[in-house]
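S.K.:
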Amino acid sequence: MPLKTAGIIAEFNPFHEGHRLLLDKARKSGAETLLVVMSGNFVQRGEPALLPKAYRAEAALRLGADLVAELPLPWAMSGAETFARGGVSLLSSLGAQELWFGSECGLAAPLWKIARLLETTAFSEALRVPLNEGLSFAAAREKAVELLAGKELSSLLHEPNNTLGIEYCRAIIKQGSSMLPRSISRIGPGHHASSIEGTMASGSALRQEIRKKFKKDTLNANDNNSWRACLPHPSEEVVVKATKNGLCPSRISRMESAILSTLRRMKPEDFLHLPDISEGLENRLFQMAQKTSSLDELLFSVKAKRYSMARIRRILLSAYLGIHAEDAKGMPPYIRILGFTSRGEAYLKTIARHLPLPLLTTSTQLKRLDGRGAHVFNLESTATDLYALSLPTPPPCGEEYRHRLIKPSV
628 MPLKTAGIIA EFNPFHEGHR LLLDKARKSG AETLLVVMSG NFVQRGEPAL LPKAYRAEAA
688 LRLGADLVAE LPLPWAMSGA ETFARGGVSL LSSLGAQELW FGSECGLAAP LWKIARLLET
748 TAFSEALRVP LNEGLSFAAA REKAVELLAG KELSSLLHEP NNTLGIEYCR AIIKQGSSML
808 PRSISRIGPG HHASSIEGTM ASGSALRQEI RKKFKKDTLN ANDNNSWRAC LPHPSEEVVV
868 KATKNGLCPS RISRMESAIL STLRRMKPED FLHLPDISEG LENRLFQMAQ KTSSLDELLF
928 SVKAKRYSMA RIRRILLSAY LGIHAEDAKG MPPYIRILGF TSRGEAYLKT IARHLPLPLL
988 TTSTQLKRLD GRGAHVFNLE STATDLYALS LPTPPPCGEE YRHRLIKPSV
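In our numbering, the protein residues as written are 628 to 1037.
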């Protein structure tokens, strides 16, 4: 019988106690090998990651992961459906037999049921009426699910982690993957909560706290603030190391002038090529980009009931990074490994010959990419060079080609 292999799709921004619980649960379920597909230097919220991906991958490997592969930029900085599609595709290619994730309901079965419902003709027909009434897509979807399956099931769509779990299930179904979804209950404050409760906090609260405490981007040796209690010790060490090296915390405000400059140079038709553009949003973005003098002013002037703030941030950052809507179509064109443990390395050797995609572990392999693979990696490389501008001490360009596989000894 083959060894059980479990997979997780994550950002680890930063790696906190909730993440450790998820990895521990997957391991205790019998997983011999634990694979992670992790976002790079920009994340789904439309922001630069708190600290560079190499540090976040190191934390994951020291805290239970056996192998960390990168979710390429166009999929990492997309809405839930595209994010899930890219992550599921890579985990399937790597041979994961289970997909583990946290959710508010803590059960995969009802989320799987909703995912199957969303793929039916009956749902498509039920969705038309509330959309024609002017409801947002999220509200219309919930109303259609309630009509077909009842309020108890439709209420699960209120919560962001449930919704992402549903998209994981939909991606498994659409791709014909044999992976089985597995979920645990997300505990502690909610996904967007700003409070820290003991050792549990949302990623949003931790990022806010760390950025607040490091106002001058220096580390206070006597800092006993609450963020530390929410990070497993290896993750705390990684944050401290990145801060001492001038690579944490990132701040989007450092890139503000560059982003605004990009937007002011764009023509109305340029906005049409960006991801998530619809319903004349390109015209509103162009008009407001010409008038506003700060990112916050621009975000709030464009924000409307039909558009989430995360969606607007992703669109603005896509313009800055040169991402077009077609870049995230289909599946990621390669598997790039950021690091592994000895167990992960042994696993990779057993499957390397059978992988359906190019395997990238060295800078030489990166330079040999062509076609779509080369295009996606060029986007990644440029994004990393621009991400550097969000850090206290920006590294020089070319960081992607200097990356070395992370092989933690602890």
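Beta carbons: idealized from backbone N, C-alpha and C, even for Gly.
Can you give, in chain order, each stretch of the beta strand (DSSP E) that sits fully within the segment 687 to 723 and has at least 3 residues?
M.R.: 694 to 698
S.K.: Please state the DSSP three-state secondary structure of M628.
M.R.: At M628 the pLDDT is 37, less than 50, meaning the model places this residue with poor confidence and gives no usable figure here.
S.K.: If you check the beta carbons only, do I939 and G673 fall under 9 Å apart?
M.R.: Cβ distance < 9 Å, so I939 and G673 count as in contact.
S.K.: Suppose only complete runs of 4+ residues qualify. What are the alpha helix (DSSP H) ranges in the segment 835 to 902, listed by chain order?
M.R.: 853 to 856, 860 to 871, 883 to 892 and 895 to 898
S.K.: Based on Cα-Cα distance, which residue from L721, T709, R755 and G777 lies nearest to K740?
M.R.: G777
S.K.: Please return the same chain residues whose Cβ sits closer than 6 Å to the Cβ of R941, not counting the five positions on each side in sequence.
M.R.: Only residues of its own chain outside the window of five on either side were considered, and among them G673 and M704 have a CB closer than 6 Å to the CB of R941, listed in chain order.
S.K.: What are the start and end residues of the alpha helix (DSSP H) that includes R809?
M.R.: First-last for R809: L807 to S812, but that is the beta strand (DSSP E), not the alpha helix (DSSP H).
S.K.: If the criterion is Cβ atoms closer than 9 Å, does the pair C1024 and A1015 meet it?
M.R.: Contact: yes.
S.K.: Taking the alpha-carbon positions, what's the L679 to E638 distance?
M.R.: Note on identity: in this sequence residue 679 is Pro, with Leu being the wrong assignment. The alpha-carbon atoms of P679 and E638 are separated by roughly 11 Å.
S.K.: Assign I635 to one of three DSSP states: helix, strand, or coil.
M.R.: strand
S.K.: So, with DSSP's three-state summary, where would you put T1068?
M.R.: Missing from the structure shown is residue 1068; the chain here goes from 628 to 1037 and no further.
S.K.: Note the first and the last residue of the continuous beta strand (DSSP E) segment covering G966.
M.R.: Where G966 is concerned, the enclosing beta strand (DSSP E) starts and stops at I962 to F967.
S.K.: Counting C-beta neighbours from all protein chains within 10 Å, is the total for V756 16 or more, i.e. buried, or is it exposed?
M.R.: Burial call: exposed.
S.K.: Any chance the segment 687 to 703 sits against the segment 658 to 671, with 3 or more Cβ pairs inside 8 Å?
M.R.: Below 8 Å, enough C-beta pairs join the segment 687 to 703 and the segment 658 to 671 to call them touching: three or more.
S.K.: Report the option in G634, I962 and N640 whose CA atom is closest to the CA atom of L650.
M.R.: Checked all of G634, I962 and N640; the closest Cα to L650 is G634.
S.K.: Identify the continuous beta strand (DSSP E) that holds F642 and give its terminal residues.
M.R.: Counting along the chain, F642 falls outside any beta strand (DSSP E), and DSSP gives it neither H nor E.
S.K.: Within the continuous alpha helix (DSSP H) that includes E1007, where are the two ends?
M.R.: G998 to Y1014
S.K.: For A848 and E731, I'd like the C-alpha separation in whole angstroms.
M.R.: A caution first: A848 carries a pLDDT of 49, below 50, which makes its placement in the model too unreliable to give a value.
S.K.: Alpha carbon to alpha carbon, what distance is there between S781 and I799?
M.R.: 20 Å
S.K.: Can you look up P675 in the DSSP assignment and give me helix, strand or coil?
M.R.: strand
S.K.: Based on the DSSP secondary-structure assignment, which residues constitute the bridge partners of W727?
M.R.: Per DSSP, the beta bridge partners of W727 are I635 and R809.
S.K.: Tell me whether I800 sits in a helix, a strand or coil according to DSSP, three-state version.
M.R.: helix
S.K.: Following the continuous alpha helix (DSSP H) through S990, name the residue where it begins and the one where it ends.
M.R.: S990 to K994
S.K.: Work out the CA separation of S905 and L833 for me, nearest whole Å.
M.R.: 33 Å
S.K.: Which two residues bound the contiguous beta strand (DSSP E) that contains M665?
M.R.: T660 to S666
S.K.: Can you give me the Cβ contacts of N789 inside the same chain, cut-off strictly under 8 Å, excluding the 5 residues immediately before and after it?
M.R.: For N789, same chain residues with a beta-carbon under 8 Å away, outside a window of 5 residues either side, are S730, E731, C732, L738 and L783 in chain order.
S.K.: Helix or strand or just coil, what does DSSP make of L986?
M.R.: strand
S.K.: Hey, M895 and E883: beta-carbon distance below 9 Å or not?
M.R.: First, the residue type needs correcting, since residue 895 is Pro and not Met in the sequence shown. Cβ distance not < 9 Å, so P895 and E883 don't count as in contact.
S.K.: Assuming S763 and P983 are in contact, meaning their beta carbons sit under 8 Å apart, how far apart are those beta carbons, in whole angstroms?
M.R.: At roughly 37 Å, the Cβ-Cβ gap does not stay under 8 Å, so S763 and P983 are not in contact.
S.K.: By the DSSP assignment, the alpha helix (DSSP H) with E909 in it spans what residues?
M.R.: Note, E909: alpha helix (DSSP H), L908 to K918.
S.K.: Spatial neighbours of A684 within its chain, please: C-beta separation below 7 Å, excluding the five flanking residues on both sides.
M.R.: M665, V695, L965, G966 and I1033
S.K.: Kindly give me the distance between the Cβ atoms of L726 and R809, rounded to whole angstroms, as I take these residues to be in contact under 8 Å.
M.R.: 7 Å
S.K.: With DSSP as the reference, identify every bridge partner of V670, one or two as the case may be.
M.R.: DSSP output for V670 lists E674 as bridge partner(s).
S.K.: I need the DSSP call for I1033, collapsed to helix, strand or coil.
M.R.: strand
S.K.: Going by CA-CA distance only, name the one from T709, H643 and K652 that's closest to K956.
M.R.: T709
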